[in-house]
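Each residue of the sequence shown is one higher than the one before, starting from 868 at the first, in my numbering. Everything below concerns the one structure shown next.
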Amino acid sequence: MPLPTDRAPSLAIFCKVVDNYGDIGICWRLARQLSGEHGVAVTLWVDDLSSFRRICPEIDVKAETQQVSGITVRHWRGQDGAFAPADVADIVIEFFACDIPPGYIAAMAQCSPQPVWLNLEGLTAEEWVEGCHALTSPRHGMIKHFFFPGFTDKTGGLLREAALDEKRLAFQADVPAMAAFLGQFGVTAAQMRAVKVSLFCYPSAPVAELFATWQAGSEPITCLVPEGVAFDAVQAFIGDDAAVAGAAHTRGALTVRVLPFVPQDDYDRLLWACDVNFVRGEDSFVRAQWACQPFIWHIYLQDENLHHVKLRAFLQRYAVDADGAIDSLVRAALAWNGASADALPWARLWPALQADLPRIRARAQAWRQQMQAHGDLASNLLAFAGATR
Ligand code: TRH
């Protein structure tokens, strides 16, 4: 049965914040796009409003229910009170296999027609995903569908707003706007002329070694790092002042400047304004791809180094062009993630990467086009839901 046409379809996303900002980052991005571009009435259930507030300052951490950017945000406190079929959305998404309240599931089972029940999974470039995307599993007399984002047309694709490219190109072409954007963080004109690098990584990244390389180099580098990220290395570099937003220090060729955590749309602008981006997890990793600039990915750590398998799977798809593998990028990415047994020092990795930046930038453009051809995750998800109901 198709989705309703006489009213906006409704959709509920259940999000448990496991750690950091990626869980809520992805759900919030998806919620905004479904509402803003597709007219879907979205309710976002989140268990951690404080994390949410860091990427969306409008969030009131005390509110049980609030409207933000047209989305109903509900504080998910494990409510299992009475849910009636009327409370159930047409499409129900559980993010990363979080267990939605049993009372909600019971109400889903009583609906006629029953809602489309989707488990939105994590992103990986591994090949097995194609075989698992859209698989079904019977649950409580209903069918649960597994929806995988991915890098091929046999997956759900990647989150990407319709106007994203247009916005990025307009921003990058508008030099005063870019200068004003960076200027609000205290970046000086001279620091803007340097090679600009954004740095978002987990604590295990070899940041101190990279800073030492940049400091000793001949080319000025401005490194912009959100507050709290790579804290030890940043604090050591900054010296006596606290490494809080606004702090900055220059030594040798390197300036490190601490930025506040910015709302998601501004984080995009930061990626667009920088020449090289270090990103992590899932969502900033995807945004770096849409930014079309060279980037190094710090992948989320998993047991038994499973993340190294995922990293290699991605590099096999991404770090290759008509001339073959882009060795400088592969080596740097593996070293950044501790995935290389014979990693070169950063004093050699960085110059090689820097020399290849034009080639990597060209690859980034081609990759964007390749990925865009698969549609975008929000549209693919709605089409899938419409076809399965
Ligand atoms: O924060 P992350 O490490 O998140 C995650 C989680 O750890 C999650 O449990 C895990 O499943 C996933 O990684 C793989 O990295 P990520 O995914 O890049 O999410 C960060 C979000 O924060 C993203 O939406 C961008 C946003 N952000 C801002 O809005 N402003 C900022 O200043 C910064 C630095 C990030």
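Positions of the beta carbon are idealized from the N, C-alpha and C atoms, including for glycine. Quick caveat, the model's predicted, so the values are computed rather than measured.
task = Compute the minimum distance between the beta carbon of Ser917 and the heavy atoms of ligand 1, and state whether it is under 7 Å.
result = Your numbering for residue 917 matches position 50 in the sequence shown. Ser917: no, Cβ never under 7 Å from ligand 1.
task = Let me know if Gln900 comes out buried or exposed under the rule of 16 or more other beta-carbons within 10 Å of its beta-carbon.
result = In the sequence shown, counting from the first residue as 1, residue 900 sits at position 33. Burial call: buried.
message = Assuming contact is defined by CB atoms lying nearer than 8 Å, are Ala1252 and Val983 in contact in what I supplied?
response = As a first step, residue 1252 must be located in the sequence shown, where it is residue number 385. As a first step, residue 983 must be located in the sequence shown, where it is residue number 116. Yes, the pair counts as a contact, with Cβ atoms nearer than the cut-off.
ask   = What residue range is occupied by the uninterrupted beta strand (DSSP E) comprising Asn1144?
value = One-based indexing of the sequence shown puts residue 1144 at position 277. Looking at the DSSP string, the run of the beta strand (DSSP E) that includes Asn1144 is Val1143 to Arg1147.
message = Considering just the uninterrupted stretch of the beta strand (DSSP E) at Glu961, what are its terminal residues?
response = On the sequence shown, residue 961 is found 94 positions in, with the first residue counted as 1. From DSSP, the beta strand (DSSP E) with Glu961 extends over Ile958 to Phe962.
ask   = Sorry if obvious, but does the Cβ on Asn887 come closer than 7 Å to a heavy atom of ligand 1?
value = Position 20 of the sequence shown holds residue 887. Flag set: Cβ of Asn887 near ligand 1.
Endpoints, the alpha helix (DSSP H) within which His1174 is located = On the sequence shown, residue 1174 is found 307 positions in, with the first residue counted as 1. It spans Leu1173 to Tyr1185 - the alpha helix (DSSP H) in which His1174 sits, taken as one unbroken run.
ask   = Which residue from Ala1189, Met1238 and Val1123 puts its Cα closest to that of Ala1079?
value = Walking along the sequence shown from the start, residue 1079 turns up at place 212. Ranking the options by Cα distance to Ala1079, first place goes to Val1123.
message = Could you give the first and the last residue of the continuous alpha helix (DSSP H) run that contains Asn1247?
response = For the purposes of this step, residue 1247 is taken as the residue at position 380 of the sequence shown. Unbroken alpha helix (DSSP H) run through Asn1247: Leu1244 to Thr1255.
ask   = Between the beta-carbon of Val1062 and the beta-carbon of Pro1087, is there less than 8 Å?
value = The residue given as residue 1062 occupies position 195 in the sequence shown. The residue given as residue 1087 occupies position 220 in the sequence shown. The answer is yes: Cβ separation under 8 Å.
query = For the segment 1193-1247, which segments carrying the alpha helix (DSSP H) assignment without a break, of at least 4 residues, lie completely within its bounds, in sequence order?
reply = 1194-1203, 1213-1222 and 1224-1239
key: beta-carbon Ile922 near ligand 1 non-hydrogen atom, thresh 7 Å   = The residue you call residue 922 lines up with position 55 of the sequence shown. Correct: Ile922 has its Cβ closer than 7 Å to ligand 1.
task = Rank Gly989, Ile922 and Asp954 by C-alpha distance to the C-alpha of Lys1177 and give the top, closest one.
result = Mapped onto the sequence shown, residue 1177 falls at position 310. Minimum Cα distance to Lys1177 is reached at Gly989.
inquiry  = Quick check on this structure: which residue in Ala1075, Gly1084 and Gln1058 has the alpha carbon closest to the alpha carbon of Phe1098?
reply    = Taking the first residue of the sequence shown as 1, we reach residue 1098 at position 231. Checking every option, the nearest Cα to that of Phe1098 belongs to Ala1075.
query = Around the Cβ of Leu1173, are there at least 16 other Cβ atoms within 10 angstroms (buried) or fewer (exposed)?
reply = As a position in the sequence shown, residue 1173 is number 306, starting the count at 1. Answer is exposed; the Cβ neighbour count stays below 16.
request  = Kindly confirm or deny that the segment 1133-1145 and the segment 1158-1173 touch, where touching means at least three C-beta pairs closer than 8 Å.
outcome  = yes
key: Arg874 classed as buried or exposed, judged by whether at least 16 other C-beta atoms fall within 10 angstroms   = If you number the sequence shown from 1, residue 874 lands on position 7. So Arg874 counts as exposed.
ask   = Is the segment 1128-1135 in contact with the segment 1178-1198, if contact means three or more CB pairs nearer than 8 Å?
value = no
message = My output table needs one value for Cys1090: the three-state DSSP class, helix, strand or coil.
response = Translated into the one-based positions of the sequence shown, residue 1090 becomes position 223. Here Cys1090 sits in strand by DSSP.
Trp1081, DSSP secondary structure in three states = In the sequence shown, the residue the question calls residue 1081 occupies position 214. Helix.
task = Note down, one range per segment and in chain order, each beta strand (DSSP E) of at least 3 residues found wholly within the segment 927-993.
result = 932-935, 938-942, 958-962 and 983-987
query = Using a Cβ-Cβ cut-off of 7 Å (strictly less than) and excluding sequence neighbours within five positions of Ala956, which residues of its own chain qualify?
reply = Taking the sequence shown and counting its residues from 1, one reaches residue 956 at position 89. Around Ala956: Ser877, Leu878, Ala879, Thr910 and Pro982.
ask   = Could you give the distance in angstroms between the alpha-carbon of Ala964 and the alpha-carbon of Leu1002?
value = Sequence index remark: in the sequence shown, residue 964 carries index 97 (1-based). Sequence index remark: in the sequence shown, residue 1002 carries index 135 (1-based). Rounded to whole angstroms, Ala964 to Leu1002 spans 14 Å at the Cα level.
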